[in-house]
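To keep things clear, I will list the structure first and then write my remarks on it.
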Amino acid sequence: MVEILTLPFMQRALIAGVLVGFLASYYGVFVVQRGLSFLGSGLAHAAFGGIALGLLLNSEPLWIAVPFTIIVAIGIFWVRDRTELGSDTAIGIFFAVSMALGIVFLFLKREYTSDAFTYLFGSILAVTATDIKITGLVVLITLFTTPLWRRWAYASFDRELAETDHLSVKQDDYLLSILIAVTVVVAIKVVGIVLIAAFLVIPAATSRLLSHTFRRMTIISIIIGIFSALIGLWLSYYLDVPSGANIILFQAVLFFLSMLFKSIKIK
Amino acid sequence: MTENAVEVNNLSVKFKDHLALSGLSLQVPQNSFVAIVGPNGAGKSTFLKVLLGLVQPTNGIVTVLNKKPQEVDPTLIGYVPQFKTMDRSFPALSIELVYTGLSQRWPWRLSKIEKRQVLTALDQVGATHLARRQIGRLSGGELQRVCLARSIVRQPKLLMLDEPATGIDVIGEEDMYRMLETYQKQSGASLLMITHDWHAATHHADYVLLLNRKQVSFGPPGEALSEDNLRKAYGHIGHEHTLKFLVNSNG
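Those sequence lines, one after another, are chains B and Z.
Letter by letter, the first sequence follows residues 1 to 267 of my numbering.
Letter by letter, the second sequence follows residues 1001 to 1251 of my numbering.
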């Protein structure tokens, strides 16, 4: 148990796991309460397009994926605000276009890219010191913007009421979507593109089952996010299975246990 | 000089090719109770949204408490939306919902002073016992009371209510009107209330605004809700309930 803490790659993976677990579960409460669960999938596939472009250009994929995913996130909300289409339709369009672009970029590279597999499913071996620095920066920005939790929560409950109180709901939405987009990108090495949407949704959904206030939902979601990331990474080391799958499966167990606990409590 | 709570001059609102409101001109004196009446799709909610600064007029001038709607201090305005539009699956207690009326933010933690203010507002609407109840477990009438507490906790100068009697039983409805009148007397606030209940408009309001995309009438209930005006607004008034109302209200 203690030996894994002495291994540099595991140290990096565990630090990244804690940071990413915090970010995904914190923003996840807004994703779940606003009914934007599909947004995680959309942004993850947008990140795939950005990462593929980074691989094609032989540069650090994260540096390309971050702005690429932010542009897609803004595009989704821009289309939603300027048309009569719903968020899910806008996400569906950007999701497909980004994925198609990613496939074209990988095809243009014309050589086998083992990295692509790592980005799809997550790997504890793939986390670098640069990844931790970038993720740490995102955590700092998130901590700096925690006063916005109260505005985002208010608008998550009722947009119109927040607008009547002269809150800049649209600007807040854009900022929130940008931060969710960045979170998705920095979580990819640990969880993988395929499963990142679940990482945003399951801790928040589990904590929703156990909470009667939004504050409590946020706190429990963060605890589940961090705890499940650590357990998932630890299992990944011992079972030699991609880290993302372990984390999500462990979160799913917690979700179903919470459902069971709730149904017993109701009876 | 008496200032008006609301002044509207030749207001029109158009959404793309749909004319939602046209030619509204009225003045709402301070400390008055105005009922906004009209058929479905008459533009009643749109009119309130213009006053709240949520919808921009296409034409005309609107002032609320002597300012443009977007420039009014939001703490001077109390707003009770239609409760059916609220997300009742949101994890929240009644006390937290009322708090949003106090601070225009969702609460992380309530101070003792804030808690006292919120409980006082809940007490004013007879809903202290609902303070710790989840909003998803409130009945329609209970949620409406909590929303009323939310709107008065900030001691507004202008209170706007969108069909506040929906979901409330007859006794609860009378309690609500009594509470609104008491609040109006104590605070000197003005009230604008959308309602489909002509009886309530006649018995509780000082003025009635009868709308059907355009202003059919504005004035004391007896004048504004005349048979002629009601015909103009609703097309026909042959229903038994309508005739009974006209006989009762015109003696």
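Glycine included, every Cβ here is placed at the ideal spot set by N, Cα and C.
query, result
"DSSP-derived helix/strand/coil call for T142 (chain B)", "helix"
"L1211 (chain Z), DSSP secondary structure in three states", "strand"
"Three-state secondary structure (DSSP) of T1085 (chain Z)", "helix"
"P1029 (chain Z) - DSSP class collapsed to helix/strand/coil", "strand"
"Element boundaries [alpha helix (DSSP H), containing D1175 (chain Z)]", "V1170 to S1187"
"E111 (chain B) - DSSP class collapsed to helix/strand/coil", "coil"
"Listed by chain order, chain B residues near A1092 (chain Z) by CB distance under 7 Å", "F157, T213 and F214"
"Under the three-state DSSP convention, the category G1140 (chain Z) falls into", "helix"
"Contact list for T33 (chain B) against chain Z, beta-carbon separation under 7 Å", "First, the residue type needs correcting, since residue 33 (chain B) is Gln and not Thr in the sequence shown. F1090, listed in chain order."
"7 Å Cβ cutoff, H45 (chain B) in contact with chain Z", "no"
"6 Å CB neighbourhood of G271 (chain B) in its chain, flanking five on each side removed", "What the structure shows of chain B is the stretch from 1 to 267, and residue 271 (chain B) is not part of that stretch, so it cannot be assessed."
"Cβ-based neighbour list, Q1117 (chain Z), same chain, cut-off 7 Å, excluding 5 preceding and 5 following", "L1102 and V1153"
"For S41 (chain B), the first and last residue of its enclosing beta strand (DSSP E)", "No beta strand (DSSP E) contains S41 (chain B), which is instead part of the alpha helix (DSSP H) from S37 to L56."
"Alpha carbon of K1044 (chain Z) to alpha carbon of A1020 (chain Z), nearest angstrom", "9 Å"
"Proximity of V1080 (chain Z) and L1148 (chain Z) at Cβ, strictly below 7 Å", "yes"
"Among B:L195, B:L260 and B:I74, the one whose alpha carbon lies nearest that of L210 (chain B)", "B:L260"
"Contact with chain Z by T145 (chain B), beta-carbon distance below 7 Å", "no"
"Beta carbon proximity, R82 (chain B) to chain Z, threshold 7 Å", "no"
"S258 (chain B): first and last residue of the uninterrupted alpha helix (DSSP H) it sits in", "S243 to I266"
"Cβ-based burial, G1251 (chain Z) [other Cβ within 10 Å; buried from 16]", "For G1251 (chain Z), the predicted structure reports a pLDDT of 46, less than 50, and the residue's modelled location is therefore unreliable. The matter cannot be settled from this model."
"Close Cβ partners of R1133 (chain Z) (< 7 Å) along its chain, the five nearest in sequence each way excluded", "L1093 and S1094"
"For S1045 (chain Z), three-class secondary structure by DSSP", "helix"
"Residues sharing a beta bridge with H1129 (chain Z), DSSP", "H1129 (chain Z) pairs with nothing; no bridge assigned."
"Counted within 10 angstroms of its Cβ, other Cβ atoms place S25 (chain B) as buried (16 or more) or exposed", "buried"
"Contact residues within the segment 1038-1057 of chain Z, judged by C-beta distance below 9 Å to chain B", "K1049, L1052, G1053 and L1054"
"Where D1087 (chain Z) meets chain B, residues with beta-carbon distance less than 7 Å", "F157 and D158"
"7 Å Cβ cutoff met for N1004 (chain Z) and V1034 (chain Z)", "no"
"Chain B within 7 Å of Q1134 (chain Z), Cβ atoms only", "yes"
"Cβ of D165 (chain B) within 7 Å of any chain Z Cβ", "yes"
"C-alpha distance - K1084 (chain Z) paired with K1157 (chain Z), whole-angstrom precision", "25 Å"
"Alpha-carbon spacing of F9 (chain B) relative to T146 (chain B), whole angstroms", "31 Å"
"Of the listed residues B:I231, B:P203, B:T213 and B:R216, nearest to I224 (chain B) (C-alpha basis)", "B:P203"
"Per-residue contacts from L161 (chain B) into chain Z (C-beta, under 8 Å)", "Y1079, P1081 and T1100"
"For A1035 (chain Z), three-class secondary structure by DSSP", "strand"
"Contact set between Y27 (chain B) and chain Z, taken where Cβ atoms lie within less than 9 Å", "Correct list: empty, because the minimum Cβ distance to chain Z is about 16 Å."
"Under 8 Å from the C-beta of A205 (chain B): neighbouring residues of chain Z", "Those within 8 Å of A205 (chain B) in chain Z number zero; the least Cβ separation is about 12 Å."
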